[in-house]
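Just below is one structure, and these are the notes that go with it.
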Amino acid sequence: MHYASEARAPLVRPVVDIEGGYVVAPMRRGLRLTTGVELATREREPNYAQLDAAEREARPVFGLGARLDETPWMGLRPCTPDMRPLLGPAPRHAGLWFAFGHNHHGLTLGPVTGRLVAEQIVGETPFTDPAPYLPARFG
1 MHYASEARAP LVRPVVDIEG GYVVAPMRRG LRLTTGVELA TREREPNYAQ
51 LDAAEREARP VFGLGARLDE TPWMGLRPCT PDMRPLLGPA PRHAGLWFAF
101 GHNHHGLTLG PVTGRLVAEQ IVGETPFTDP APYLPARFG
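Residue numbers for the sequence shown follow UniProt numbering, beginning at 1 and rising by one.
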(Lines of atoms letter the chains of each structure in order from A and count residues from 1; the text may use other names and numbers.)
(Lines give C-alpha, C1' and ligand atoms only; values in the text may rest on other atoms or scores of the structure.)
Protein backbone atom coordinates (compact mmCIF):
# COMPACT_ATOMS: atom_id res chain seq x y z
CA MET A 1 0.00 0.00 0.00
CA HIS A 2 1.30 3.47 -0.84
CA TYR A 3 0.86 6.41 1.51
CA ALA A 4 1.41 10.13 1.38
CA SER A 5 4.28 11.09 3.66
CA GLU A 6 3.66 13.37 6.62
CA ALA A 7 7.12 12.77 8.09
CA ARG A 8 9.16 15.68 9.37
CA ALA A 9 12.31 14.18 7.83
CA PRO A 10 12.24 12.21 4.57
CA LEU A 11 12.83 8.48 4.64
CA VAL A 12 15.81 7.83 2.35
CA ARG A 13 16.25 4.07 2.79
CA PRO A 14 13.90 1.13 3.31
CA VAL A 15 13.37 0.12 6.92
CA VAL A 16 12.61 -3.46 7.93
CA ASP A 17 10.79 -3.93 11.23
CA ILE A 18 11.38 -7.60 11.97
CA GLU A 19 9.29 -7.62 15.14
CA GLY A 20 6.41 -5.76 13.48
CA GLY A 21 6.63 -7.87 10.33
CA TYR A 22 6.67 -5.03 7.80
CA VAL A 23 8.87 -2.92 5.52
CA VAL A 24 8.52 0.81 4.88
CA ALA A 25 10.26 2.06 1.75
CA PRO A 26 10.54 5.49 0.16
CA MET A 27 8.93 5.65 -3.29
CA ARG A 28 8.26 8.39 -5.83
CA ARG A 29 4.64 8.47 -4.71
CA GLY A 30 5.48 8.70 -1.01
CA LEU A 31 5.96 5.66 1.23
CA ARG A 32 5.20 2.01 0.58
CA LEU A 33 4.24 -0.30 3.44
CA THR A 34 4.48 -4.03 2.78
CA THR A 35 3.83 -7.01 5.01
CA GLY A 36 4.02 -10.78 4.77
CA VAL A 37 2.59 -13.45 2.56
CA GLU A 38 -0.74 -15.15 3.01
CA LEU A 39 -1.30 -18.34 1.07
CA ALA A 40 -4.91 -18.57 -0.03
CA THR A 41 -6.97 -19.53 -3.04
CA ARG A 42 -8.03 -16.99 -5.63
CA GLU A 43 -11.63 -17.26 -4.55
CA ARG A 44 -10.95 -16.31 -0.95
CA GLU A 45 -11.92 -12.83 0.17
CA PRO A 46 -8.92 -10.55 0.80
CA ASN A 47 -7.66 -10.51 4.37
CA TYR A 48 -6.18 -7.16 5.35
CA ALA A 49 -5.32 -8.07 8.96
CA GLN A 50 -1.54 -7.99 8.38
CA LEU A 51 -1.65 -4.66 6.60
CA ASP A 52 -4.03 -3.10 9.12
CA ALA A 53 -1.81 -4.14 12.05
CA ALA A 54 1.36 -2.91 10.33
CA GLU A 55 -0.31 0.38 9.41
CA ARG A 56 -1.35 1.02 13.03
CA GLU A 57 2.21 0.44 14.18
CA ALA A 58 4.05 2.23 11.35
CA ARG A 59 1.79 5.29 10.97
CA PRO A 60 3.07 7.26 13.99
CA VAL A 61 6.68 6.14 13.57
CA PHE A 62 7.07 6.92 9.86
CA GLY A 63 4.47 9.63 9.35
CA LEU A 64 2.20 7.63 7.09
CA GLY A 65 -0.40 9.95 5.64
CA ALA A 66 -3.45 9.10 3.58
CA ARG A 67 -3.60 5.87 1.58
CA LEU A 68 -2.86 6.55 -2.08
CA ASP A 69 -4.18 3.24 -3.43
CA GLU A 70 -7.81 2.17 -3.44
CA THR A 71 -6.90 -1.41 -2.53
CA PRO A 72 -3.67 -3.15 -1.51
CA TRP A 73 -1.75 -5.06 -4.17
CA MET A 74 -2.28 -8.80 -4.11
CA GLY A 75 -1.13 -11.41 -6.56
CA LEU A 76 -0.56 -15.06 -7.14
CA ARG A 77 2.79 -16.64 -6.45
CA PRO A 78 4.24 -19.57 -8.37
CA CYS A 79 4.18 -22.22 -5.63
CA THR A 80 4.49 -25.97 -5.84
CA PRO A 81 2.75 -28.37 -3.43
CA ASP A 82 5.99 -28.95 -1.49
CA MET A 83 7.05 -25.27 -1.68
CA ARG A 84 10.28 -26.12 -3.55
CA PRO A 85 11.02 -24.86 -7.07
CA LEU A 86 11.11 -27.09 -10.14
CA LEU A 87 14.73 -27.09 -11.35
CA GLY A 88 15.84 -29.59 -13.94
CA PRO A 89 14.82 -31.54 -17.02
CA ALA A 90 11.16 -31.87 -17.94
CA PRO A 91 10.17 -35.51 -17.38
CA ARG A 92 8.20 -35.87 -20.62
CA HIS A 93 9.87 -33.42 -23.00
CA ALA A 94 13.50 -34.03 -23.98
CA GLY A 95 15.52 -30.82 -24.16
CA LEU A 96 13.08 -28.78 -22.06
CA TRP A 97 14.38 -27.57 -18.70
CA PHE A 98 12.36 -26.13 -15.84
CA ALA A 99 13.45 -23.30 -13.56
CA PHE A 100 10.37 -21.88 -11.83
CA GLY A 101 8.16 -22.12 -8.76
CA HIS A 102 10.32 -20.13 -6.33
CA ASN A 103 7.29 -18.77 -4.45
CA HIS A 104 8.18 -15.10 -4.07
CA HIS A 105 11.96 -15.63 -3.95
CA GLY A 106 12.64 -15.91 -7.69
CA LEU A 107 14.70 -12.75 -8.05
CA THR A 108 16.78 -13.59 -4.99
CA LEU A 109 17.33 -17.20 -6.04
CA GLY A 110 17.86 -16.45 -9.74
CA PRO A 111 21.68 -16.66 -9.74
CA VAL A 112 21.88 -19.94 -7.83
CA THR A 113 19.03 -21.37 -9.94
CA GLY A 114 20.84 -20.46 -13.14
CA ARG A 115 24.02 -22.09 -11.92
CA LEU A 116 22.33 -25.33 -10.83
CA VAL A 117 20.36 -25.71 -14.06
CA ALA A 118 23.33 -24.73 -16.27
CA GLU A 119 25.58 -27.30 -14.58
CA GLN A 120 23.00 -30.00 -15.23
CA ILE A 121 22.50 -28.98 -18.86
CA VAL A 122 26.21 -29.11 -19.71
CA GLY A 123 26.78 -32.31 -17.74
CA GLU A 124 28.93 -30.88 -14.97
CA THR A 125 28.70 -32.13 -11.42
CA PRO A 126 26.20 -29.78 -9.75
CA PHE A 127 27.50 -27.75 -6.82
CA THR A 128 24.62 -29.10 -4.74
CA ASP A 129 22.32 -32.10 -4.91
CA PRO A 130 19.57 -31.27 -7.43
CA ALA A 131 17.32 -34.18 -6.35
CA PRO A 132 15.05 -32.15 -4.01
CA TYR A 133 14.23 -29.80 -6.91
CA LEU A 134 13.90 -32.16 -9.87
CA PRO A 135 10.54 -31.96 -11.66
CA ALA A 136 10.36 -35.77 -11.75
CA ARG A 137 9.60 -35.78 -8.02
CA PHE A 138 5.95 -35.21 -8.93
CA GLY A 139 5.83 -38.27 -11.16
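Yeah, the Cβ is synthetic: ideal placement off N, Cα and C, and Gly gets one too.
Computed from a predicted model, the values in this text were never measured in an experiment.
| Asked | Found |
| --- | --- |
| Under a Cβ-count criterion, where at least 16 other Cβ atoms within 10 Å of its own Cβ denotes burial, should M1 be classed as buried or exposed? | buried |
| Could you tell me the alpha carbon to alpha carbon distance between P10 and P46, rounded to whole angstroms? | 31 Å |
| Based on Cα-Cα distance, which residue from L86, P91, H93 lies nearest to N103? | L86 |
| Roughly how many angstroms separate the alpha carbons of L137 and P89, rounded to a whole number? | It should be pointed out that residue 137 corresponds to Arg in this sequence rather than to Leu. Approximately 11 Å between the Cα atoms of the pair. |
| Who are the near neighbours of E57 in its chain, counting only those whose CB is closer than 7 Å to its CB and skipping five residues on each side? | G20 |
| Going by the CB atoms, is the gap between T41 and V23 shorter than 9 Å? | no |
| Specify the secondary structure class of Y48 as computed by DSSP and reduced to three states. | coil |
| Give me the Cα-Cα distance between R29 and R13, rounded to the nearest whole angstrom. | 15 Å |
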